[in-house]
Amino acid sequence: MNCPRCDHDAIETIATSPVKGAWEVYQCETCFYSWRSTETPHVDDVFKLNDEKIANLQVIPAVPPLEA
Ligand SMILES: [Zn+2]
Numbered sequence: 046m047n048c049p050r051c052d053h054d055a056i057e058t059i060a061t062s063p064v065k066g067a068w069e070v071y072q073c074e075t076c077f078y079s080w081r082s083t084e085t086p087h088v089d090d091v092f093k094l095n096d097e098k099i100a101n102l103q104v105i106p107a108v109p110p111l112e113a
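The letter at position 62 of the sequence shown is residue 107 when you use this note's numbering, and the numbering goes up by one with no holes.
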């Protein structure tokens with residue numbers, strides 16, 4: 046299984062349904078995108094990430110300068 050947003054294959058199962066086998070929630074260990082097994086995730090090309098984009102992501106909200 047590959048991440049729909051960054052295409053990495055390190056995917057963790059972070060939750061499972063109380064009814065066995067009904068659904069699972071997966072999360073990408075690289076970009077933290079998550080999705081449920083019952084959906085077909087689609088990420089538009091403009092929102093896809095690669096290693097270079099991840100390394101240069103902005104910190105939101107920006108950390109303000111220290112007060113003097
Ligand atoms: Zn990812």
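In this text, a Cβ means the ideal position worked out from N, Cα and C, and glycines have one as well.
- Proximity to Asp52 [Cα-Cα], best of Val88, Val70, Glu84: Start at 1 with the first residue of the sequence shown, and residue 52 comes out as number 7. That would be Val88, whose Cα lies nearest to the Cα of Asp52.
- Under a three-way DSSP split, which group does Ala55 fall into? Counting from one through the sequence shown, the residue named residue 55 turns up at place 10. DSSP places Ala55 in coil when its eight states are reduced to three.
- Item | Selected residue, minimal CA-CA separation from Asp96, among Cys76, Arg81, Val70 | Residue numbering aside, residue 96 sits at position 51 when the sequence shown is read from its first letter. Checking every option, the nearest Cα to that of Asp96 belongs to Cys76.
- Query: What residue from Ala67, Tyr78, Pro63, Thr61 has the CA that sits closest to Pro49's CA?
  - Reply: Taking the sequence shown and counting its residues from 1, one reaches residue 49 at position 4. Checking every option, the nearest Cα to that of Pro49 belongs to Tyr78.
- Could you please give me the residues that DSSP links to Arg81 through a beta bridge? Taking the first residue of the sequence shown as position 1, residue 81 is located at position 36. Answer by DSSP bridge pairing, in chain order: Val70.
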